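One structure is given here, and the rest of the page talks about it.
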Amino acid sequence: MNWTLDQLNAFVTSVKCGSFSAAARKIGKAQSRISTAISNLEADLGFDLFDRSARLPVLTQDGEDMFVEAQAILEQCERLQARADTVATGEEIALTVALDEAVPIDIFESFFQKIANRYPLLKLTIINGSQDDIAKWVDEKKADIGFMFRINQLFDSLEYLSLGVFNHSLIVSPQHPLAQTEKPTLIQLNQHRQLVIRDRVGHSQEKAISANHWYIDSYYYITALVIRNVGWALVPEHVIESEWYKNQTITLSTYNIPNALQVEMGVVKRRDSGMGNIMEWMLDEIEHTFTK
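The numbering used here numbers the first residue of the sequence shown as 230 and each following residue consecutively.
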């Protein structure tokens with residue numbers, strides 16, 4: 230075995246970026262070095278990874294199989310380096326947690342209370358966002374760990390642990406024209422304003438059902454506006470059951486809505502970041518909370 234991690238990285242990055250030149254720009258090396266690394270890797274493996282007859286290199290069948298394996302090796306190397314970094318630096322003294330604003334409040338208030346009692350010297354920062362904000366902040370290292378509802382595909386840099394699935398409820402105010410309609414149709418829903426969740430900067434939002442819609446970055450603010458009869462909305466059921474909004478909305482049937490009405494919640498962290506004793510405890514504790 231003569232291949233190297235640099236060769237695997239050049240190969241995987243080229244596949245992800247779509248060309249040797251794009252991979253060179255991402256890695257910060259000359260294109261010739263990327264091409265040479267991949268050629269040497271092919272020589273060491275004994276078969277071609279790319280078909281170079283087209284304008285841009287295309288993976289061969291063997292190349293597609295090796296891409297999966299190479300990517301797994303690099304990911305494991307990132308975990309190994311992260312573990313080594315954690316051992317070298319010791320237990321965390323500060324952590325930043327990114328939290329989707331719609332997670333169950335009572336569960337996370339209790340969770341943070343346990344952290345405070347168990348690790349009194351930890352400097353904890355909690356930042357709130359919506360939709361893809363959480364994954365973006367963890368990817369950009371603005372947060373060490375994030376709790377989020379999974380909507381879109383995650384960044385390659387992130388690891389994801391599912392914690393559970395939550396149902397969406399279709400809600401209106403008691404004064405809304407649809408309040409007495411047990412199973413509203415899509416045509417009926419399209420006749421009224423919908424309040425739709427999105428992230429803070431507008432890069433990610435749920436698909437609207439009604440042509441007349443507003444985008445809002447908080448399920449709680451959406452619910453408050455539903456109560457004021459501004460529109461109808463689909464929100465996680467635990468939001469409308471919270472003490473602030475309980476019994477102030479009408480829940481209608483989602484029978485005629487074809488899209489998935491469940492959303493998965495989980496925790497994300499960077500694959501290349503270390504996980505000290507505190508973060509490891511946090512992940513075990515929150516997983517236990519949602520599975521018991």
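Idealized CB from N, CA, C, for every residue including glycine. Quantities reported herein were computed from a predicted structural model and do not represent experimental measurements.
Two segments are said to touch when three or more pairs of C-beta atoms, one from each, lie closer than 8 angstroms; by this definition the stretch 356-375 touches the stretch 497-511. DSSP, reduced to helix, strand and coil, places residue 434 within a strand of the structure shown. Of all alpha-carbon atoms in 509, 407, 443 and 435, the one lying nearest the alpha-carbon of residue 482 is that of 407. Under the DSSP definition of a beta bridge, residue 354 partners with 325.
With a beta-carbon spacing of about 5 angstroms, residue 325 and residue 373 fall inside the 8 angstroms limit used to define contacts. The stretch 445-457 and the stretch 420-427 touch, with three or more beta-carbon pairs separated by less than 8 angstroms. Residue 360 is classed as buried because its beta carbon has at least 16 other beta carbons within 10 Å across all chains shown. Taking a cut-off of 8 angstroms for Cβ pairs, the stretch 376-385 and the stretch 341-352 do not touch, as fewer than three such pairs fall below it.
With a cutoff of 7 angstroms on beta-carbon distance, residue 280 and residue 287 are scored as near each other. Distance from the CA atom of residue 464 to the CA atom of residue 323, rounded to whole angstroms, is 33 angstroms. Here residue 345 has no same chain residue with a Cβ atom under 6 angstroms from its own Cβ, once five neighbours each way along the sequence are excluded.
A direct Cα-to-Cα measurement between residue 284 and residue 237 gives close to 22 angstroms. Going by DSSP, residue 493 is part of the beta strand (DSSP E) stretching over 491-499. For residue 378, the uninterrupted beta strand (DSSP E) run begins and ends at 374-379, by DSSP.
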